[in-house]
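Engineer:
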Ligand code: IMP
Ligand code: MG
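Residue numbers (the numbering used here): 376 to 550.
(1) Take residue 476 and list the residues in its own chain whose beta-carbon comes closer than 7 Å to its own, dropping the five residues that flank it on each side.
(2) Closest to residue 497 by CA distance: which of 424, 528, 509, 405 is it?
(3) Might you give, ordered along the chain, the residues of its own chain that have their beta carbon closer than 6 Å to the beta carbon of residue 383, omitting 5 neighbours on each side?
(4) Excluding five sequence neighbours on each side, which residues of the same chain lie with their C-beta closer than 7 Å to the C-beta of residue 461?
(5) Three-state secondary structure (DSSP) at residue 519?
(6) Return the bridge partner residues of residue 468 from the DSSP annotation.
(7) Run the proximity test for residue 473: is its beta-carbon closer than 8 Å to any non-hydrogen atom belonging to the ligand IMP?
(8) Are the CB atoms of residue 380 and residue 548 within a distance shorter than 9 Å?
(9) To the nearest angstrom, how far is it from the Cα of residue 399 to the Cα of residue 485?
(10) Rank 408, 523, 442 by C-alpha distance to the C-alpha of residue 418 and give the top, closest one.
(11) Do you know how far the Cα of residue 391 is from the Cα of residue 410?
(12) Determine the direct distance from the alpha carbon of residue 530 to that of residue 422, and round the result to whole angstroms.
(13) According to DSSP, residue 473 sits in a beta bridge with which residue or residues?
(14) Can you tell me which of the three DSSP states residue 537 falls into?
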C-alpha cells in the first residue's frame, strides 16, 4: 500500500465552485450550437462528469484515451491514441476536456489530430494548467487553476494509477 505524503492544494469546495463558473462560461459561449464535449481518459473523468452536469446546451459526449509512455511523474512526449471518439466531429463545435497540461505534448497531439476532422470550432478546457515544464505552446480556452510547480493527484489525477478516487487535489511528494 502506497503512502506518499499528500498536501491539499484545491479542496472539494474550491473545485466545485470553479467547475460551476467554467460551466457557466461554456453555456454562454455555445448557446444554440451543436457541441461535442470530449473527455480525455482517464485523468479528466471527474472534471468532465462534474462539468457536463453544469451544461444547459445539451451536448453530445464522447471519450478519447491517449497514452504516453511512462507511469511516473513525467510524460515522455511520445503520445499515441489508444481510443478515438466514436462520433463524427464534422461541422460541430468541439470542446476537449483534459485534466492537466504540463509539457503540452499530449494536447498538442490531440489538437492536431482533431484539427483535420472538419469541426466548426475546437477548444480546450483544462482543470490545471501547469506552467513549470511547458515544451510545446498550447493555450487552453478554459482553465480551472494555474499551478506554478508540483505534481498533483486526486479528482481523477493519478500517480502510477493511485489516488484518482480522492475528491480533492493534493500535491504528492514521492520519496
Ligand atoms: P503533458 O503531455 O506533459 O502536457 O502531460 C499531460 C498529461 O500528463 C496529463 O494528461 C496528465 O495525465 C499527466 N500529468 C501531468 N502532470 C500531472 C500531475 O501533476 N498529476 C497527474 N498527472 C499529470
Ligand atoms: Mg491526462
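A virtual CB, placed ideally from N, CA and C, is assigned to each residue, including glycine.
Structural biologist: For this structure:
(1) 482, 501, 504, 505, 513, 515
(2) 405
(3) 543, 545
(4) 437
(5) strand
(6) 410, 496
(7) yes
(8) yes
(9) 25 Å
(10) 442
(11) 22 Å
(12) 7 Å
(13) 501
(14) strand
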